[in-house]
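Counting in the numbering used here, the sequence shown runs from 1 upward without gaps.
First up is the structure itself, then whatever we jot down about it.
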Amino acid sequence: MAFTKKQKVDMTAQYEKWLTDSQALFVLDYKSMTMKEMDTFRAKARETGSEIHLVKNTLFNRALENAGFPTNELFDGTSLVGFAFSDPPALAKVFTDFLKGVDTRKVKGGFLGKDLITDKQVKFLADLPSMPVMRAMLLGVISAPATKLVRTLAEPARSMAAVVKAYSEQAPVAG
Numbered sequence: 001m002a003f004t005k006k007q008k009v010d011m012t013a014q015y016e017k018w019l020t021d022s023q024a025l026f027v028l029d030y031k032s033m034t035m036k037e038m039d040t041f042r043a044k045a046r047e048t049g050s051e052i053h054l055v056k057n058t059l060f061n062r063a064l065e066n067a068g069f070p071t072n073e074l075f076d077g078t079s080l081v082g083f084a085f086s087d088p089p090a091l092a093k094v095f096t097d098f099l100k101g102v103d104t105r106k107v108k109g110g111f112l113g114k115d116l117i118t119d120k121q122v123k124f125l126a127d128l129p130s131m132p133v134m135r136a137m138l139l140g141v142i143s144a145p146a147t148k149l150v151r152t153l154a155e156p157a158r159s160m161a162a163v164v165k166a167y168s169e170q171a172p173v174a175g
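Encoded structure:
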């Protein structure tokens, strides 16, 4: 299908918007993917706050150049691009989970910010915990010393209270 010059300009502008709005993007070689598989894949990506789009390689390379990304060979052949607008590890996990047991498709690589990453780095990113889990872990690390300090400061008072209570519960000494 041939596009008019205006359509190409509009597509390039849309690609540039997606590039500037996303924290990361991952590229998939999607040979022999059915529409049902693609719809399922897109739905899982949407659950993570991400989007997946088929792109025209020439126009997308132009958008990358306009947005200040380094030139690369990711966009040779068929390209399905996932844009992570909020949680890159979650989208990377969607990509790697989708490819388990499938030999005809592979992750080509992507960008984290404007840094080019390899397919192995995408897999490593997928192994990271999700953003809510990382926040919980960080909060636990931050709050642990404060909790320990409060317990340490409260311990002498607690010990003194236990001694007073034990003394008050003793039978009075006849004298």
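Glycine included, every Cβ here is placed at the ideal spot set by N, Cα and C.
Quick caveat, the model's predicted, so the values are computed rather than measured.
Inter-residue spacing [alpha-carbon to alpha-carbon] between residue i and residue j
i	j	result
Lys-148	Met-131	26 angstroms
Val-141	Val-133	12 angstroms
Lys-8	Asn-66	14 angstroms
Arg-151	Lys-165	20 angstroms
Gly-49	Phe-83	9 angstroms
Pro-129	Ala-2	43 angstroms
Lys-6	Thr-20	21 angstroms
Reference residue i, options the options, closest by Cα
i	options	result
Phe-124	Thr-96, Thr-104, Thr-78 and Ala-162	Thr-96
Leu-54	Met-35, Gly-68, Thr-48 and Pro-88	Met-35
Phe-26	Asp-103, Ala-146 and Pro-88	Pro-88
Asn-57	Phe-69, Ala-161 and Ser-79	Ser-79
Lys-106	Arg-46, Gly-49, Ala-92 and Lys-114	Ala-92
Arg-62	Asp-21, Lys-100 and Lys-17	Lys-17
Lys-90	Leu-138, Asp-115 and Phe-41	The sequence given here has Ala at residue 90, not Lys. Out of Leu-138, Asp-115 and Phe-41, Phe-41 has the C-alpha closest to the C-alpha of Ala-90.
Leu-28	Ile-52, Asp-39 and Ser-22	Ile-52
Phe-69	Met-160, Leu-153, Thr-4 and Ala-24	Ala-24
Reduced DSSP secondary structure (H/G/I, E/B, other) of residue i
i	result
Phe-60	helix
Ser-32	coil
Gly-140	helix
Ser-50	strand
Gln-170	coil
Ala-67	coil
Val-150	helix
Ala-2	coil
Asp-76	coil
According to DSSP, residues forming a beta bridge with residue i
i	result
Gly-110	Phe-26 and Ile-117
Phe-83	Leu-25 and Glu-51
Interface flag, residue i vs chain D, CB-CB below 7 angstroms
i	result
Leu-125	The chain inventory of the structure shown lacks chain D, comprising one protein chain alone.
Buried or exposed (CB count within 10 angstroms, at least 16 for buried), residue i
i	result
Lys-108	buried
Asp-127	exposed
Val-163	exposed
Tyr-30	buried
Cβ-heavy atom distance, residue i to the ligand MG, below 6 angstroms
i	result
Asp-103	You won't find the ligand MG in this model; it holds no ligand whatsoever.
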